[in-house]
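A.B. asks: Protein sequence lines correspond, in order, to chains Z and X.
So that you can map any letter, position 207 of the first sequence is 207 in the numbering used here, and since no number is skipped, the others follow by simple counting.
So that you can map any letter, position 234 of the second sequence is 234 in the numbering used here, and since no number is skipped, the others follow by simple counting.
Dropping a structure here in structure tokens format, bear with me for questions.
2 protein chains.
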Amino acid sequence: MAFEPLRAACIGMGWWSDVLADAIQRSKKLKIVACYTRSEEKRRAFAAKYGCRAAPSYEAILEDRAIEAIVNTTPNDAHLETTRAAAAAAKHVFLDKPIANTVSEGRAITVACRKAGVVLALGYQRRRESHFRWIRAQIDAGAFGKLVNAEANISRDRVGKIDLGSWRYTAAGMPGGVMLQIGIHYTDVLEYLLGPIKAVNGRSAQLVLPGDNPDVASLVLEHEGGALSTLNASYASASEY
Amino acid sequence: MAFEPLRAACIGMGWWSDVLADAIQRSKKLKIVACYTRSEEKRRAFAAKYGCRAAPSYEAILEDRAIEAIVNTTPNDAHLETTRAAAAAAKHVFLDKPIANTVSEGRAITVACRKAGVVLALGYQRRRESHFRWIRAQIDAGAFGKLVNAEANISRDRVGKIDLGSWRYTAAGMPGGVMLQIGIHYTDVLEYLLGPIKAVNGRSAQLVLPGDNPDVASLVLEHEGGALSTLNASYASASEY
């Protein structure tokens with residue numbers, strides 16, 4: 001059977017848009033046909049790099065019936081508006097974690113996609129890593145018995161290395177700091193391995209990084225099956241061990 | 001200078017009383033001169049094993065002016081009454097963790113000893129282990145820079161191995177279950193290494209053991225210096241790794 005790749009437009013050009021575009025090119029399951037970002041220079045560069053059309057506006061992409069999906073790498077606070085518009089234009093959306101900066105915006109995004117009947121694909125790549133898939137397979141095979149407790153840590157030493165001009169490192173662009181930015185990868189992995197999370201306790205602190213955002217955070221998670229887990233996320237200590 | 005060992009009486013005979021008595025004999029800093037427990041059989045056996053007098057009552061020990069200290073290994077819920085009586089009799093007290101089952105009883109114990117001017121020695125042996133002392137020395141030497149985050153785990157597989165007749169495994173004798181019984185060792189170690197704890201969030205669950213007590217528990221601790229730490233304690237999984 002011939003496979004026709006999904007025709008996608010990428011929006012929001014930054015370093016992560018290129019990581020995804022590279023993966024799209026390797027997978028051949030999507031084809032990048034257009035791109036848009038506010039900076040003309042950035043969208044021309046992306047268009048040249050990935051052999052697609054630089055659209056004059058996001059509206060032009062939405063109006064293009066040939067485009068079936070949006071790969072959305074805009075900043076978090078633009079996710080709701082851009083995704084709602086994509087859903088209204090009957091286009092599927094790929095959206096990276098965190099899909100929103102607030103629970104209510106996250107809910108509004110899922111409702112918009114569900115009502116429009118389009119797929120909302122979530123970018124949580126960690127659960128797709130082979131070691132976590134292996135553990136999941138072991139759990140399914142009963143190798144670990146009843147799950148009761150797990151510990152997760154995701155740490156990156158960002159001391160002296162952060163760009164306070166990036167929305168990724170400000171409380172406005174990434175409320176919750178290190179926990180929303182990288183810790184959330186492991187709330188997803190813990191949910192993938194131990195099941196849905198029904199309650200959370202947590203604390204965060206800003207201890208060594210400049211700016212206005214927490215750089216250390218700790219959670220206790222209660223899973224529906226009863227298991228408890230903890231998650232530590234840090235931008236103030238070396239990578240996880 | 002000649003060293004005169006402190007004359008001590010042991011009260012509350014169980015398996016832990018003998019662990020401490022063995023250590024006392026090795027240290028030679030104390031001399032066990034008397035013992036008391038409600039079971040005449042147990043106190044006679046202890047007296048024979050450690051070459052001390054089996055006192056007919058706790059009162060007899062308290063009235064003996066030659067006895068300077070009490071090594072108290074009674075169950076938690078007897079700590080307050082026995083320690084208050086010892087302090088009133090001007091005797092120093094060694095009391096194992098947890099010193100009480102409630103914060104108010106713990107405070108009453110410390111107040112009684114302080115007012116009587118006697119030493120209340122606490123049995124938290126974990127912080128005395130050489131690896132934790134080594135880490136403490138490294139911290140003092142500045143090897144780790146600013147402390148921001150730590151993780152602790154204390155787990156013991158008790159599935160099929162617990163004695164529900166022991167106060168150590170019941171909610172009445174050891175409220176909080178695994179966290180009060182063994183987890184507390186590592187709240188002490190975390191405090192030893194990261195400084196005083198000013199806030200705690202936690203959850204506990206009873207998942208695999210019989211009885212009426214939590215067998216899995218998780219805490220997030222906030223230290224006065226700002227560092228966050230997590231502690232997981234379990235009687236439902238293998239020993240810490």
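Ideal Cβ placement from N, Cα and C applies to all residues, glycine included.
Within the 9 Å Cβ cut-off, does Gly176(X) reach chain Z?
C.D. replies: For the purposes of this step, residue 176(X) is identified with residue 176 of the second sequence, where counting begins at 1. So no, Gly176(X) is outside the interface.
A.B. asks: Smallest Cα separation from Ile154(X): which of Leu194(X), Val93(X), Val189(X)?
C.D. replies: To locate residue 154(X), count along the second sequence from 1; it is residue 154. Among Leu194(X), Val93(X), Val189(X), the Cα nearest to that of Ile154(X) belongs to Val189(X).
A.B. asks: Between Asn213(X) and the rest of its own chain, which residues show a CB-CB distance below 7 Å, the 5 nearest in sequence each way excluded?
C.D. replies: Position 213 of the second sequence, counting from 1, holds the residue named residue 213(X). Closer than 7 Å at the Cβ level, and outside the excluded window around Asn213(X), lie Tyr169, Thr170, Ala171, Met174, Gly177, Gln206.
A.B. asks: Mind pulling the chain Z residues with CB within less than 9 Å of Arg203(X)?
C.D. replies: Here residue 203(X) is taken as the residue at index 203 of the second sequence, counted from 1. Going along chain Z in sequence order, the residues near Arg203(X) (Cβ under 9 Å) are Ala199, Asn201, Val220, Leu221, Glu222, Leu228.
A.B. asks: Compile a chain-ordered list of the residues in the region 149 to 172 of chain X whose CB is closer than 7 Å to at least one CB of chain Z.
C.D. replies: Those would be Asn149, Glu151, Asn153, in chain order.
A.B. asks: With DSSP run on the structure shown, which of helix, strand or coil describes Val33(X)?
C.D. replies: If you number the second sequence from 1, residue 33(X) lands on position 33. Residue state, collapsed to three classes: strand.
A.B. asks: Using only alpha-carbon positions, find the residue among Gly160(Z), Tyr58(Z), Pro210(Z), Arg156(Z) that is nearest to Ala233(Z).
C.D. replies: Locating residue 233(Z) in the first sequence gives position 233, counting from the first residue. It is Arg156(Z).
A.B. asks: Quick check: the region 122 to 134 of chain X against the region 90 to 100 of chain X, are there 3 or more CB pairs under 8 Å?
C.D. replies: Result yes; three or more Cβ-Cβ pairs closer than 8 Å.
A.B. asks: Just to confirm my understanding: we take Glu59(Z), look at its own chain, exclude 5 residues before and 5 after, and list those with CB closer than 6 Å. What are they?
C.D. replies: As a first step, residue 59(Z) is located in the first sequence; it is residue number 59 there, counting from the start. For Glu59(Z), where only same-chain residues beyond five positions count, there are no Cβ hits under 6 Å.
A.B. asks: Are Leu164(X) and Ala69(X) closer than 9 Å when you measure CB to CB?
C.D. replies: Taking the first residue of the second sequence as position 1, residue 164(X) is located at position 164. Taking the first residue of the second sequence as position 1, residue 69(X) is located at position 69. No. Outside cutoff.
A.B. asks: Compare the C-beta of Asp215(Z) with all C-beta atoms of chain X and state if any pair is closer than 9 Å.
C.D. replies: As a first step, residue 215(Z) must be located in the first sequence, where it is residue number 215. It does; some Cβ of chain X falls within 9 Å.
A.B. asks: Assuming the contact rule is C-beta atoms closer than 8 Å, Ala244(Z) and Ala116(Z) should be a hit. Round their C-beta distance to whole Å, please.
C.D. replies: Any question about residue 244(Z) goes unanswered here, given that chain Z covers just 1 to 241.
A.B. asks: Hey, out of Asp64(Z), Pro75(Z), Arg107(Z), whose CA is closest to Lys91(Z)'s CA?
C.D. replies: Residue 91(Z) sits at position 91 when you count from the first residue of the first sequence. Comparing Cα positions, the closest option is Asp64(Z).
A.B. asks: Quick one: which residues of the region 115 to 148 of chain X get their C-beta closer than 8 Å to a C-beta of chain Z? List them in chain order.
C.D. replies: So the close ones are Lys146, Val148.
A.B. asks: Looking at Lys146(X): is its Cβ nearer than 9 Å to the Cβ of Ala236(Z)?
C.D. replies: Within the second sequence, residue 146(X) is the residue found at index 146, counting from 1. Within the first sequence, residue 236(Z) is the residue found at index 236, counting from 1. Yes, the pair counts as a contact, with Cβ atoms nearer than the cut-off.
A.B. asks: For Ala86(Z) and Ile61(Z), I'd like the C-alpha separation in whole angstroms.
C.D. replies: Within the first sequence, numbered from 1, the residue matching residue 86(Z) stands at position 86. Within the first sequence, numbered from 1, the residue matching residue 61(Z) stands at position 61. Roughly 9 Å between the two C-alpha positions.
A.B. asks: Using CA atoms only, rank isn't needed, just tell me which of Gln181(Z), Leu228(Z), Thr37(Z) is closest to Pro56(Z).
C.D. replies: Along the first sequence, one-based indexing puts residue 56(Z) at 56. Of the candidates Gln181(Z), Leu228(Z), Thr37(Z), the one whose C-alpha sits nearest the C-alpha of Pro56(Z) is Thr37(Z).
A.B. asks: Would you say Val208(Z) lies against chain X (beta-carbon separation less than 9 Å)?
C.D. replies: Position 208 of the first sequence, counted from the first residue, corresponds to residue 208(Z). Yes, because at least one Cβ of chain X sits closer than 9 Å to the Cβ of Val208(Z).
A.B. asks: For a quick check, are the C-beta atoms of Thr74(Z) and Gly12(Z) less than 9 Å apart?
C.D. replies: Working through the first sequence from its first residue, we reach residue 74(Z) at position 74. Working through the first sequence from its first residue, we reach residue 12(Z) at position 12. Yes, the pair counts as a contact, with Cβ atoms nearer than the cut-off.
A.B. asks: When DSSP builds the beta bridges, which residues end up paired with Asp96(X)?
C.D. replies: For the purposes of this step, residue 96(X) is identified with residue 96 of the second sequence, where counting begins at 1. DSSP, once it has assigned bridges, lists Gly123(X) as partnering Asp96(X).
A.B. asks: Using DSSP's beta-bridge definition, name the partner residues of Arg7(X).
C.D. replies: Your numbering for residue 7(X) matches position 7 in the second sequence. According to DSSP, which records beta bridges pairwise, Arg7(X) is partnered with Lys31(X).
A.B. asks: Spatial neighbours of Trp167(Z) within its chain, please: C-beta separation below 6 Å, excluding the five flanking residues on both sides.
C.D. replies: Sequence index remark: in the first sequence, residue 167(Z) carries index 167 (1-based). These residues qualify, in order along the chain: Pro75, Gly173.
A.B. asks: For Ala236(X), go through chain Z and note every residue whose CB falls closer than 8 Å to its CB, in chain order.
C.D. replies: By 1-based counting over the second sequence, the position of residue 236(X) is 236. Residues of chain Z passing the Cβ test: Lys146, Val148, Asn149.
A.B. asks: I need the straight-line Cα distance from Ser204(X) to Ala227(Z), nearest angstrom please.
C.D. replies: Position 204 of the second sequence holds residue 204(X). Position 227 of the first sequence holds residue 227(Z). Answer to the nearest angstrom: the Cα atoms are 9 Å apart.
A.B. asks: Taking only runs that begin and end inside the region 11 to 73 of chain Z, name each unbroken alpha helix (DSSP H) of 4 or more residues, in chain order.
C.D. replies: Fully enclosed alpha helix (DSSP H) runs of 4 or longer: 15 to 27, 40 to 50, 58 to 63.
A.B. asks: State buried or exposed for Ala143(X), treating a residue as buried only when at least 16 other CB atoms are found within 10 Å of its CB.
C.D. replies: Here residue 143(X) is taken as the residue at index 143 of the second sequence, counted from 1. So Ala143(X) ends up on the exposed side.
A.B. asks: Are the Cβ atoms of Leu180(X) and Val220(Z) separated by less than 9 Å?
C.D. replies: For the purposes of this step, residue 180(X) is taken as the residue at position 180 of the second sequence. For the purposes of this step, residue 220(Z) is taken as the residue at position 220 of the first sequence. Taking 9 Å as the Cβ cut-off, Leu180(X) and Val220(Z) do not qualify as a contacting pair.
A.B. asks: Residues of chain X with CB closer than 8 Å to the CB of Asn76(Z), please, in chain order.
C.D. replies: Taking the first residue of the first sequence as position 1, residue 76(Z) is located at position 76. Under the 8 Å cutoff, chain X gives no residues; its nearest Cβ is about 24 Å from Asn76(Z).
A.B. asks: Per DSSP, what kind of secondary structure is Ile162(Z) in: helix, strand or coil?
C.D. replies: Indexing the first sequence from 1 puts residue 162(Z) at position 162. Coil.
A.B. asks: From the beta carbon of Asn232(X), is the nearest beta carbon of chain Z less than 9 Å away?
C.D. replies: Reading the second sequence from its first residue, position 232 is the one you call residue 232(X). At least one chain Z Cβ lies under 9 Å of Asn232(X).
A.B. asks: Tell me Glu151(Z)'s beta-bridge partners as DSSP assigns them.
C.D. replies: Reading the first sequence from its first residue, position 151 is the one you call residue 151(Z). BP columns for Glu151(Z) point to Thr230(Z).
A.B. asks: Mapping DSSP to helix, strand and coil, what is Ser104(X)?
C.D. replies: The sequence position of residue 104(X) within the second sequence is 104, counting from 1. Reduced to three states, the DSSP call for Ser104(X) is helix.
A.B. asks: Looking only at its own chain, which residues have a Cβ that is under 8 Å from the Cβ of Ile197(Z), when we skip the five neighbours before and after it?
C.D. replies: The sequence position of residue 197(Z) within the first sequence is 197, counting from 1. Only Thr187, Leu190, Glu191, Leu221, Glu222, His223, Glu224 meet the Cβ criterion.
A.B. asks: Would you grab the beta carbon distance between Ala34(X) and Arg53(X) for me? Rounded to a whole angstrom, and I think it's under 8 Å.
C.D. replies: Here residue 34(X) refers to the residue found at position 34 of the second sequence. Here residue 53(X) refers to the residue found at position 53 of the second sequence. With a Cβ gap of about 5 Å, Ala34(X) and Arg53(X) count as contacting.
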